[in-house]
Amino acid sequence: MKTTTAFLTIGALVSLVAIQTASAQTATQTVTFQVSAINQIAVTGTPSLVINAAVAGSAPTSVTSAANSWAVTTNQSTAMITASIPTAMPAGLTLSANLTAPAGATSLGLTALGVTAVNVVTGITKLNAAGLGLTYELDATAAAGVVASATRVVTYTITGGV
Numbered sequence: 046m047k048t049t050t051a052f053l054t055i056g057a058l059v060s061l062v063a064i065q066t067a068s069a070q071t072a073t074q075t076v077t078f079q080v081s082a083i084n085q086i087a088v089t090g091t092p093s094l095v096i097n098a099a100v101a102g103s104a105p106t107s108v109t110s111a112a113n114s115w116a117v118t119t120n121q122s123t124a125m126i127t128a129s130i131p132t133a134m135p136a137g138l139t140l141s142a143n144l145t146a147p148a149g150a151t152s153l154g155l156t157a158l159g160v161t162a163v164n165v166v167t168g169i170t171k172l173n174a175a176g177l178g179l180t181y182e183l184d185a186t187a188a189a190g191v192v193a194s195a196t197r198v199v200t201y202t203i204t205g206g207v
């Protein structure tokens, strides 16, 4: 009887170990990942520029709109911002923009805008920044005469390196 009980006990233990071993199961899965090039720019504000004064003997007084801002996100090195307008300004008028550079980048300062894109910020490297200053300036010569209200859409383009 003792031998039978011993065999039954050993058999039960072997079964228990087999059950525990059978429940320990693993699975593997290969995960593919990638981060694509990201170059995003946004502008905020509603600039309105009206020249309506001059000092006698001087050109009309330039006006600025500084209540604007811009934001950028890029995960690339050597990104830059260019700006352009779709049609030329009327004779005697110059529209310029100045974007404050994010940390580590360089602003080209107040830059006249035209139909050909011009660099306004260079050397942007892997960052995200918001609330950066954006100022517009409108200059006129007396030869511009009276110019009716008009608009220009300023297109900012961010291009990235590597």
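In the working numbering, the protein residues as written are 46 to 207.
We put the CB at the ideal spot given by N, CA and C, even for glycine.
query: For the segment 94-105 against the segment 67-81, are there 3 or more C-beta pairs whose distance is under 8 Å?; result: no
query: What would DSSP say about SER129, mapped onto helix, strand or coil?; result: strand
query: Applying the 10 Å Cβ sphere with the 16-neighbour rule, what's the burial state of SER141?; result: buried
query: Following the continuous beta strand (DSSP E) through LEU172, name the residue where it begins and the one where it ends.; result: 172-185
query: Can you tell which of THR127, ALA189, ASN173 and ASN120 has the C-alpha that lies nearest to the C-alpha of THR161?; result: THR127
query: Restricting to Cα atoms, I'd like to know which of ALA175, ALA98, TYR181 and THR170 is closest to GLN121.; result: THR170
query: Quick one: Cα of SER110 to Cα of VAL80, how far?; result: 37 Å
query: If you compare alpha carbons, which of GLU182, PRO147 and GLN74 is closest to THR123?; result: PRO147
query: DSSP beta-bridge partners for SER114?; result: THR89 and GLY178
query: Compute the Euclidean distance between the alpha carbons of PRO135 and ALA174, then round it to the nearest angstrom.; result: 34 Å
query: Measure how close the beta-carbons of TRP115 and LEU144 come, nearest whole angstrom, since I'm counting them as under 8 Å.; result: 6 Å
query: In its own chain, which residues sit with a C-beta less than 6 Å from the C-beta of THR139, not counting the 5 before and 5 after it?; result: ALA157 and ASP184
query: Are ILE86 and VAL117 touching if we call contact CB-CB under 8 Å?; result: yes
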